[in-house]
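In terms of our numbering, the sequence shown opens at residue 1 and continues consecutively.
Glycine included, C-beta positions come from ideal geometry on N, C-alpha and C.
These figures come from a predicted structure and were not determined experimentally.
Below is one structure, written out as structure tokens, with a few remarks after it.
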Amino acid sequence: MTSPALHNSRFLKACRLEPTDTTPIWIMRQAGRYLPEYRKLREGVKNFLELCYTPDLAVEVSLQPIRRYHMDAAILFSDILVIPDALGQKVEFHENEGPVLASVQSETDLKRLDAGRVLDHLRPVFETVRRLAREIPAETTLIGFAGSPWTVAVYMVEGRGGGDCRRIMDWARQEPDGLQRLIDLLVEATVAYLAEQARNGAEAIQLFDSWAGAFAKPRNAAGFRRWVIEPTRRIVGQLAVRCPEVPVIGFPRGAGDLARDYATATGIRGIGLDSETPLDWIAKILQPICTVQGNLSNRVLVEGGEPLENETTRVLEALAGGPFIFNLGHGVLPE
Ligand code: 1CP
1 MTSPALHNSR
11 FLKACRLEPT
21 DTTPIWIMRQ
31 AGRYLPEYRK
41 LREGVKNFLE
51 LCYTPDLAVE
61 VSLQPIRRYH
71 MDAAILFSDI
81 LVIPDALGQK
91 VEFHENEGPV
101 LASVQSETDL
111 KRLDAGRVLD
121 HLRPVFETVR
131 RLAREIPAET
141 TLIGFAGSPW
151 TVAVYMVEGR
161 GGGDCRRIMD
171 WARQEPDGLQ
181 RLIDLLVEAT
191 VAYLAEQARN
201 GAEAIQLFDS
211 WAGAFAKPRN
221 AAGFRRWVIE
231 PTRRIVGQLA
241 VRCPEVPVIG
251 FPRGAGDLAR
261 DYATATGIRG
271 IGLDSETPLD
281 WIAKILQPIC
291 TVQGNLSNRV
301 LVEGGEPLEN
311 ETTRVLEALA
321 GGPFIFNLGH
331 GVLPE
């Protein structure tokens with residue numbers, strides 16, 4: 001659906017381990033509350049999901065950071081929680097509090113969720129992808145995304161951001177088959193959702209596993225394998241069949257040294273690293289396996305000036321010699 005020229009962008013070359021003229025860059029949460037033009041547009045919209053489901057607005061917001069900074073990639077404006085919303089779970093975004101969901105905790109709750117309605121419900125998102133694919137400059141790669149099943153399940157079970165993830169960890173321990181059914185449902189919905197994004201023009205995919213770190217402290221390699229690696233491996237494998245030309249970048253935030261298992265066992269083409277991951281370890285252990293992405297501290301970006309220049313140089317000197325996409329270690333902070 002996209003022209004061949006698009007597949008030769010700097011970003012996609014880096015994903016394919018090909019040399020690039022210079023280091024590609026994009027920034028997680030490059031669209032959002034730190035941008036005055038985003039805040040202005042956001043004031044006119046009652047609820048956040050409405051913004052995600054209105055193509056005119058979602059296209060505009062996706063393009064705002066590209067116009068200002070000419071990033072190598074534009075990321076679709078949406079949210080990882082459109083999947084629970086599409087499955088029929090109640091999802092709300094409260095100001096200054098983040099997302100609040102009606103918690104899923106039992107078989108009865110699970111039975112209310114319906115993967116069959118996901119594509120229909122998310123049609124406006126595909127329309128946004130289609131329009132973005134037409135509107136972004138040829139050298140800018142369009143990234144589609146979803147949350148990973150584990151991270152989306154954290155929100156669905158905890159009812160909000162993870163905190164200590166106690167409810168879902170208890171479920172995993174006491175009734176793993178029940179939680180597995182939720183994860184299986186999410187794998188199915190996520191593959192359908194991402195393949196449809198690719199079909200409409202997304203040229204690369206990022207899977208956000210923002211709560212992967214729940215298995216790093218305390219370290220639980222078996223849990224990480226079952227709940228983070230395995231669902232990701234299934235998604236990557238199914239997408240490799242349905243849209244083989246679209247690389248998948250995984251972002252297992254907070255995984256620590258488990259990131260190595262993740263890079264080898266999931267089949268992902270790129271791995272996003274948080275700012276805690278040591279640069280020499282990334283260069284030595286991960287770069288021989290796949291393209292790496294990261295990992296400037298978002299705090300240093302707020303600080304600016306000399307610390308920002310020094311840290312940027314430190315990251316580039318450590319990683320720009322191998323397959324590398326420059327990014328932050330987590331999203332831009334609103335300030
Ligand atoms: O009022 C507002 O404007 C809401 C702020 C906001 C924005 C700008 C939310 C609510 N989501 C988004 C957009 C968004 N979310 C994008 C597209 C923009 C871009 O990246 O440029 C993406 C990729 C996401 C992904 C996302 N949503 C993640 C994964 C990345 C990460 O930050 O770890 C997660 C965990 C969410 C959940 C979410 N949505 C919104 C908030 C405030 C949160 C986080 C809450 C928490 O910390 O638990």
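Cβ shell of residue i (< 6 Å), same chain only, five flanking positions each side left out
i	result
residue 210	151 and 253
residue 1	Per-residue confidence for residue 1 stands at a pLDDT of 47, beneath the threshold of 50, marking its modelled position as unreliable; no derived number is given.
residue 328	27, 28, 296 and 298
residue 223	215
residue 300	307, 308 and 311
Same chain only: Cβ atoms within 7 Å of residue i, ignoring 5 sequence neighbours per side
i	result
residue 236	248, 266, 267 and 268
residue 264	289
residue 149	183, 186, 187, 190 and 231
residue 195	239, 242 and 243
Own chain partners of residue i with C-beta closer than 8 Å, once the 5 adjacent residues on each side are dropped
i	result
residue 4	Its pLDDT being 48, under 50, residue 4 is placed unreliably by the model, and nothing is read from it.
residue 281	257
residue 19	13
C-alpha distance - residue i paired with residue j, whole-angstrom precision
i	j	result
residue 59	residue 38	12 Å
residue 140	residue 71	7 Å
residue 339	residue 27	The requested residue 339 does not occur in the structure, where the chain is confined to residues 1 to 335.
residue 162	residue 153	10 Å
residue 197	residue 172	31 Å
residue 67	residue 304	21 Å
residue 61	residue 77	7 Å
residue 79	residue 145	8 Å
residue 320	residue 298	19 Å
residue 313	residue 333	21 Å
residue 40	residue 34	11 Å
residue 261	residue 83	27 Å
residue 170	residue 178	12 Å
Quick check: the region 92-101 against the region 44-51, are there 3 or more CB pairs under 8 Å? yes
Does the pairing of the region 99-114 with the region 128-135 give three or more beta-carbon distances under 8 Å? no
Tell me the start and end of each unbroken beta strand (DSSP E) in the region 211-267 that is at least 3 residues and wholly inside, in chain order. 248-252
Contact the region 66-81 vs the region 14-32: 3+ CB pairs below 8 Å: yes
Alpha helix (DSSP H) runs wholly inside the region 18-79, at least 4 long, in chain order: 36-43, 48-52 and 55-69
Taking one C-beta from the region 112-122 and one from the region 31-45 each time, how about it: are there three or more such pairs within less than 8 Å? no
Starting from the N-terminal side, write out each stretch of the alpha helix (DSSP H) that is 4 residues or longer and does not extend beyond the region 134-221. 149-158, 166-174 and 176-199
Can you list, in chain order, the stretches of the beta strand (DSSP E) that have 3 or more residues and sit fully within the region 82-107? 91-94 and 98-101
Please specify which runs of the alpha helix (DSSP H), each continuous and at least 4 residues long, are wholly inside the region 294-325, giving them in chain order. 298-303 and 305-319
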